[in-house]
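Working notes, structure below.
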Amino acid sequence: MSKSGLSVKQTLAALRLSIIDGGFAHIYANLTGSVFLPGYSLALNANSLEIGVLAAIPFFATTAQFFGSYLVERKQNRKRLVIGFVAVGRAMWIPVVLCSVWLGGAQTSLFLKLLIVLIFASHVMGSISGVAWLSWMAGLVPDEIRGRFFGLRNSILGIVGILITLAGGYFLDWFTRSFPFLPKIRAFEILFILAILAGAFSLWFLQLKPELPNPPRLSGRLRQVYRAPLRETGFRRLLIFAVLRSFGTNIAAPFFVVYLLEDLRVSYATVGIFTMLTAVADLTGMWIWGHLSDHLGNRPIIIFTAIFSTIFPAFWIFASGSAFSMFFLIPLLHLSGGFVWAGYNLCTANLVYRSAPAEGNSVYFAYWSVGNGVASGLGALAGGMLAQYLKGSMGYFPAMFDSVYKLIFLVSVLVRAFPLFMMRRLEEPQSLRVRHTIRVLLNVKAWPSLMGFQPVLHFFLPGSKRAESSSLYWPIWRSPAAGSEEPMGETKNVK
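So for the sequence shown, this note's numbering puts the first residue at 57; every next one is plus one.
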């Protein structure tokens with residue numbers, strides 16, 4: 057048995073169900089967010105500030121995770137919490153569709169206010185369930201395959217994201233051409249209905265996953281429990297570093313799609329193709345970074361990817377409607393951005409998993425989600441207000457800044473650069489040094505291992521790292537070996 061109390065066979069089945077559930081959940085999340093929510097906002101004639109508010113909602117809703125962590129530690133039943141709050145949150149999109157049909161065409165201003173309230177309520181429910189899901193998965197996924205499993209899971213979800221984004225983009229363009237007499241919001245309403253159905257299928261597979269034994273109850277006063285993560289130096293430094301980066305990143309993040317649709321006038325299908333490139337790079341990156349993080353550690357990959365992801369928005373300043381931009385620069389930015397951000401997101405999450413103790417880990421997850429969420433929301437709001445303010449002042453800037461969004465991209469670069477000075481203070485005792493990691497990445501002999509041929513890494517890694525590559529739980533579609541069903545802690549007599 058694993059630390060979860062499940063046999064190897066039960067654990068493998070649960071991990072497979074997690075991927076299926078995640079696939080349907082990803083369809084729901086993409087159709088109600090991704091490129092479609094900004095596009096829907098533009099179809100409702102929302103301004104930059106309103107787009108910024110809508111983009112900030114999911115992040116501010118993460119403050120509910122403190123309440124979620126309290127429920128996890130006091131109520132203990134993580135599966136019931138996840139299913140209950142996920143169901144309510146996804147059901148909130150039913151009144152969104154109904155209100156869109158009744159009010160979206162005639163009373164846009166009123167509907168935008170209702171949309172903000174309903175989406176906020178949906179994300180609050182999702183945030184409460186999210187911290188319970190993190191605690192559930194932390195106990196379910198064995199430590200030795202965490203990087204590889206989440207790399208595989210995120211890669212598969214990336215493929216789902218590619219397909220659904222492309223299909224949705226082409227559907228919007230087809231609907232506009234085929235039914236020019238209907239409001240464009242009708243097409244979005246159809247996508248939202250499909251999202252609700254996908255969310256329901258996700259719930260079905262979610263409830264098939266086993267509940268784990270209750271996590272250790274928190275000892276001590278509640279105030280002490282919530283202070284504990286901030287007293288741990290390693291976690292506190294990682295949190296501050298990530299929060300500052302989240303703020304700087306989301307100053308620009310909501311407006312890349314808006315810039316493409318509003319200023320460059322590209323079609324939804326083209327935006328879908330660009331998003332597909334990001335997803336392809338992301339799923340490739342998740343697979344590669346997942347293997348690397350299990351061998352090299354998370355800290356050097358975080359540092360490596362943080363540096364490169366900082367400068368990406370600067371290249372958007374040179375993006376235009378020219379053939380060079382459309383066929384080379386913008387696709388290259390989506391590919392490189394997807395690959396690099398995959399490593400950063402995966403390894404920061406892995407480091408949080410490793411930092412959080414079994415007792416009270418939901419509080420660590422809540423701090424992580426709320427801190428990054430609020431910072432991201434503030435960044436999106438700041439970007440929206442700045443864009444709205446600067447629209448009347450574009451004549452004072454150089455000609456290369458022919459769009460207000462290019463100024464936003466530049467500001468994002470400057471703010472992202474600030475936390476880079478804190479990278480050396482990040483901690484992970486078992487990780488390799490950054491120079492060693494770069495040597496592995498740059499050596500041609502090591503690259504086959506990035507796609508799963510791990511023995512090549514043996515030339516570059518210490519013996520203690522090599523031992524981690526084998527596991528009873530990998531690959532997850534395998535049948536458990538004989539003798540692997542023994543309870544944890546029991547050993548055979550070896551003569």
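Even glycine gets a Cβ: it sits at the ideal position worked out from N, Cα and C.
Q | The alpha helix (DSSP H) enclosing V408, as first and last residue numbers | A | 386 to 411
Next item on the list: Please work out which residues of its chain come closer than 6 Å, Cβ to Cβ, to W192, disregarding the five sequence neighbours upstream and downstream, and give them in chain order.
Entry: R134
Notebook entry, point to check: Would P387 pass as a contact of L333 if the rule is Cβ separation under 8 Å?
Noted result: Going by C-beta atoms, P387 is nearer than 8 Å to L333.
Segment limits, alpha helix (DSSP H) that includes T289: Element bounds for T289: 289 to 308.
Subject >> Cα-Cα separation between A223 and T331, rounded to whole angstroms >> reply: Those two C-alpha atoms are separated by around 12 Å.
key: Pick from Y282, L247, K265, F231 that is closest to A422, judged by C-alpha positions   = Per the Cα distances, Y282.
Discussion item. At the level of alpha carbons, what is the spacing between M342 and R204?
Written reply: 8 Å
Report task. Below 6 Å CB to CB, which residues in the same chain sit around A243 once its five sequence neighbours on both sides are set aside? Result -> L228, F231
Nearer than 7 Å: is that true of the beta carbon of L171 relative to any heavy atom of the ligand NAD? With respect to the ligand NAD, the structure offers nothing, as it holds no ligand at all.
**Asked** So, helix, strand or coil for R321, using DSSP?
**Response** coil
**Message:** So, for G427: in the same chain, excluding its five sequence neighbours on each side, which residues have a beta-carbon less than 6 Å away from its beta-carbon?
**Reply:** L295, V299
Next on the checklist: Could you compute how far the alpha carbon of F297 sits from the alpha carbon of M441?
Outcome noted: 24 Å
inquiry  = So, for R481: in the same chain, excluding its five sequence neighbours on each side, which residues have a beta-carbon less than 7 Å away from its beta-carbon?
reply    = R293
TODO: Go ahead and label Y445 buried or exposed: buried means 16 or more other beta carbons lie within 10 angstroms of its beta carbon, across all protein chains shown.
DONE: exposed
**Item:** Nearest to T67 (by Cα), restricted to the options W424, I201, P413, F312
**Value:** I201
Exposed unless 16 or more other CB atoms sit within 10 angstroms - verdict on N101
Here N101 is exposed: its Cβ has fewer than 16 other Cβ atoms, across all protein chains shown, within 10 Å.
At what residues does the alpha helix (DSSP H) containing M193 begin and finish? Unbroken alpha helix (DSSP H) run through M193: 164 to 196.
Where L110 and S432 are concerned, what is the direct C-alpha to C-alpha distance, given to the nearest angstrom?
12 Å
**Asked** At which residues does the alpha helix (DSSP H) containing A443 begin and terminate?
**Response** 417 to 446
Notebook entry, point to check: Distance, Cα to Cα, T361 vs F395?
Noted result: 9 Å
>> Which residue wins for smallest C-alpha separation from S183, given the options F371, F167, F115?
In response: F115
CA nearest to the CA of I246, picked from L166, F312, A177, V157 | V157
Would you identify the three-state DSSP class for S376, choosing helix, strand or coil? coil
- To the nearest angstrom, report how far apart F465 and L391 are at their CA atoms. 18 Å
Is the stretch 373 to 385 touching the stretch 344 to 360 in the sense that three or more CB pairs, one from each, lie closer than 8 Å? no
Handout entry: Same chain, Cβ closer than 6 Å to S178, neighbours up to 5 away in sequence not counted
Key = G145, M148
Legend entry - CB contact flag (T614, G79, <8 Å): Outside the modelled stretch of the chain, which goes from 57 to 551, sits residue 614, for which no answer is possible.
Would you identify the three-state DSSP class for G89, choosing helix, strand or coil?
-> coil
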